[in-house]
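Peer 1: I am attaching a structure below and will ask some questions about it afterwards.
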Amino acid sequence: MTKPRTTEPMRTQGVIRFEMPDDELAHDHPARVLWLALGKLDLSAFLAGARSVHGSAGRPTHSPRMLLTLWTYAISRGVGSARAIERLVETDRAYGWIVGDAHVSHHVLSRFRVGHHAALDKLMTDILGALMHKGLLSLELVAIDGMRVRAAASAPSFRRAESLEACREQAALHLKAVLAQADDPELSAAQKAAREAGARDFARRIEEAVLVVEELAASPTRRGEPRASTTDAQARVMKMADGGFRPAMNVQTATAGHPEGGPRTIVAIEVTNVGSDMSAVTPMLAQIEARTEQLPTYLLADGNHQSHQGIIDAMCRGVVPLVPVKTNSSAKLRDSAIEIWKENMATARAKELYRARSSLCELTNALMRARGLNQFLVRGLHKAGCVALLVAIASNLVTHLTALAT
């Protein structure tokens, strides 16, 4: 019998391949369209503090357009970790296409995400301006809502004043011991610097927690013995959606859209450590006006936002507040604006418009959680605000991707 001929794989033969990285992605791939959309926006604010300029020595700064595309694409895929993005750059074709021949570490990604709050705020405003210029954003109907997001702190890290004093003493002793090892020949310079930085950071966080406890103790409305976290002093224990109490931050969002469906656009976002939504109406309206130079016609909110002062402020600005009236309210404030609001909420038109609140707010909350905002991986209100802004920017870009890229 004649032996069949087969072709076996050859792995020892050298091969020269010519590849064009730009051809690895389809022209309508979301990563490519995000790159095009961000290219039409002004990103110069991200380079305001760059020290490397043409004509002088220094390492070039990473492209803000590339880093923004990388972050927004990752967020749109539910990835919110810098380390996860660094791994995906090596394994996923789309992430590799965004980076090209550059090397981006998780340190670079982390610093970029939390180091440009003003630039992210401006980019958010520019996107809303571009949408309004194209006629894609209407502020007739805007709904606001608060979403509790788990903070980067554990429950046992919250301590009372006596415990914090003990921690302060331990931190001082630890720093003294670390500084005493400065002449240890078995430790490298990098190890000594890392240990000293860690000891100083721990002492700093203890001092921040002490100041927060003192501030809370001086508050006349405080109930119970105040406590603060030694991990993130700005985190607060809040009641979550499942009824439990955990360290969290309150992310307030304002979403514009049509009651019958269509795209939802985040027009304002703010991160606070106040567990209540009662005082959110006034600052959210101020932010909407600052970003769009307009105010909504109707403002929808749930009963947790029923602050009479906020309702009066809204009506003085010409905004119609659609907030449920609490029948068991014990407020003694009597104002003509309050009476008009109560009468308006009893009309069929107000009830019909209010039905759109959940479709605006709850969809936005669900999408933000699906895009990585289940827990903050950073500490402090400033950094958490940067993360929330970046998620809002990514959400708006993905929602209006085709329109912004053309």
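Numbering (our numbering), first residue to last: -15 to 390. Ideal Cβ placement from N, Cα and C applies to all residues, glycine included.
Given a cut-off of 9 angstroms on the beta-carbon distance, is the pair LEU344 and ARG275 in contact?
Peer 2: The answer is no: Cβ separation not under 9 angstroms.
Peer 1: Counting along the chain, where does the beta strand (DSSP E) carrying THR276 start and finish?
Peer 2: Note, THR276: premise wrong, no beta strand (DSSP E); alpha helix (DSSP H) at 265 to 276.
Peer 1: Rounded to whole angstroms, what's the CA-CA distance from ALA403 to ALA10? Just pull it up for me.
Peer 2: Given that the chain is displayed from residue -15 to residue 390, the structure contains no residue 403 and the question cannot be resolved.
Peer 1: Throw me the rounded Cβ distance for the THR239 and VAL126 pair, which I believe falls under 8 angstroms.
Peer 2: With 8 angstroms as the limit, THR239 and VAL126 qualify as a contact, their Cβ atoms being about 7 angstroms apart.
Peer 1: Please list the terminal residues of the continuous alpha helix (DSSP H) segment that includes GLY113.
Peer 2: Here the alpha helix (DSSP H) through GLY113 covers 101 to 117.
Peer 1: Output the boundary residues of the beta strand (DSSP E) element that contains HIS46.
Peer 2: Unbroken run through HIS46: none, as it is neither H nor E.
Peer 1: Beta carbon of LYS24, beta carbon of ALA114: below 9 angstroms?
Peer 2: Yes. Within cutoff.
Peer 1: Among ALA193, ALA376, PRO305 and SER203, which residue has its Cα nearest to the Cα of ALA252?
Peer 2: Cα-wise, what sits closest to ALA252 is ALA376.
Peer 1: Distance, Cα to Cα, THR109 vs VAL221?
Peer 2: Rounded to the nearest angstrom, the two C-alpha atoms are 31 angstroms apart.
Peer 1: Can you tell which of PRO210, LEU104, ALA264 and LEU347 has its C-alpha closest to the C-alpha of HIS242?
Peer 2: Of the listed residues, the one whose Cα sits closest to HIS242 is LEU347.
Peer 1: Look at the alpha carbon of SER314 and the alpha carbon of LEU200, and state the distance between them as a whole number of angstroms.
Peer 2: The pLDDT assigned to SER314 is 49, lower than 50, so where the model puts this residue is not dependable; a value taken from the coordinates is nonetheless given after this. If you take the alpha carbons of SER314 and LEU200, they lie about 26 angstroms apart.
Peer 1: Just verifying my parser: in three-state terms, what is the DSSP assignment at SER213?
Peer 2: SER213 falls in the strand class under three-state DSSP.
Peer 1: Given this structure, state the Cα-to-Cα distance separating VAL63 from TRP81, to the nearest angstrom.
Peer 2: Rounded to the nearest angstrom, the two C-alpha atoms are 17 angstroms apart.
Peer 1: Less than 9 angstroms between the C-beta atoms of ALA212 and ARG152, yes or no?
Peer 2: For ALA212 and ARG152, no; Cβs fall outside 9 angstroms.
Peer 1: Between ALA368 and the rest of its own chain, which residues show a CB-CB distance below 7 angstroms, the 5 nearest in sequence each way excluded?
Peer 2: Around ALA368: MET233, VAL255, PHE360 and VAL362.
Peer 1: For the beta strand (DSSP E) holding LYS24, just list the boundary residues, first then last.
Peer 2: Where LYS24 is concerned, there is no enclosing beta strand (DSSP E), given that its DSSP letter is neither H nor E.
Peer 1: Flag this pair as yes or no: are the beta carbons of LEU20 and ALA334 separated by less than 9 angstroms?
Peer 2: No. Outside cutoff.
Peer 1: Excluding the 5 residues preceding and the 5 following VAL196 in the sequence, name in chain order all residues of the same chain whose CB lies nearer than 7 angstroms to its CB.
Peer 2: For VAL196, where only same-chain residues beyond five positions count, the Cβ hits under 7 angstroms are ALA212 and ALA217.
Peer 1: Roughly how many angstroms lie between the CA atoms of ALA178 and ASP168, to the nearest whole one?
Peer 2: Going from the Cα of ALA178 to the Cα of ASP168 covers about 14 angstroms.
Peer 1: So is ASP261 buried or exposed if we call it buried at 16+ other beta carbons inside 10 Å?
Peer 2: Label assigned to ASP261: buried.
Peer 1: Return the residue from the list ASP76, ASN288, SER122 and ILE59 that minimises the CA-CA distance to LEU93.
Peer 2: With distances taken between Cα atoms, LEU93 lies closest to ILE59.
Peer 1: Could you tell me if ASP129 is buried or exposed, where buried requires 16 or more neighbouring beta carbons within 10 angstroms of its beta carbon?
Peer 2: When all chains shown are included, ASP129 counts as buried.
Peer 1: Skipping 5 residues on each side, what residues in its chain have a beta carbon closer than 6 angstroms to that of THR266?
Peer 2: Only GLY294 and ASP297 meet the Cβ criterion.
Peer 1: Distance check for SER141 and GLU209, CA to CA, integer angstroms please.
Peer 2: Cα to Cα, the separation comes out at about 15 angstroms.
Peer 1: So, at 7 angstroms on beta carbons, what are the nonlocal neighbours of ARG355 in its own chain, with the 5 sequence-adjacent residues on each side left out?
Peer 2: Result list for ARG355: ILE59, SER60, GLY62, VAL375, ALA378 and SER379, in chain order.
Peer 1: What separation, rounded to the nearest whole angstrom, lies between the Cα atoms of GLY112 and LEU121?
Peer 2: This sequence places Leu at residue 112; Gly is not what is there. Using only the alpha carbons, I get a separation of about 8 angstroms.
Peer 1: Tell me whether ASP105 is buried or exposed, calling it buried when 16 or more other Cβ atoms sit within 10 Å of its Cβ.
Peer 2: Per the 10 Å Cβ criterion, buried.
Peer 1: Please classify GLN271: is it buried, with 16 or more other beta-carbons within 10 angstroms of its beta-carbon, or exposed?
Peer 2: Buried is the call here.
Peer 1: In the structure shown, what three-state DSSP assignment does ILE0 receive?
Peer 2: Coil at ILE0, not helix or strand.
Peer 1: CB PRO44 to CB HIS100, shorter than 9 angstroms?
Peer 2: No, Cβ-Cβ distance for PRO44 and HIS100 is not below 9 angstroms.
Peer 1: Nearest CA to the CA of GLN290: which residue from ARG301, GLY302 and THR311?
Peer 2: Here the closest residue by C-alpha is THR311.
Peer 1: Quick check on the DSSP output: the beta strand (DSSP E) that includes GLU254 runs from which residue to which?
Peer 2: From DSSP, the beta strand (DSSP E) with GLU254 extends over 245 to 256.
Peer 1: Classify ILE324: buried if its beta carbon has 16 or more other beta carbons within 10 angstroms, exposed otherwise.
Peer 2: When all chains shown are included, ILE324 counts as exposed.
Peer 1: Please go through the same chain and pick out, in chain order, the residues whose beta-carbon is closer than 6 angstroms to the beta-carbon of TYR57, but skip the five residues on each side of it.
Peer 2: Closer than 6 angstroms at the Cβ level, and outside the excluded window around TYR57, lie ALA15 and LEU18.
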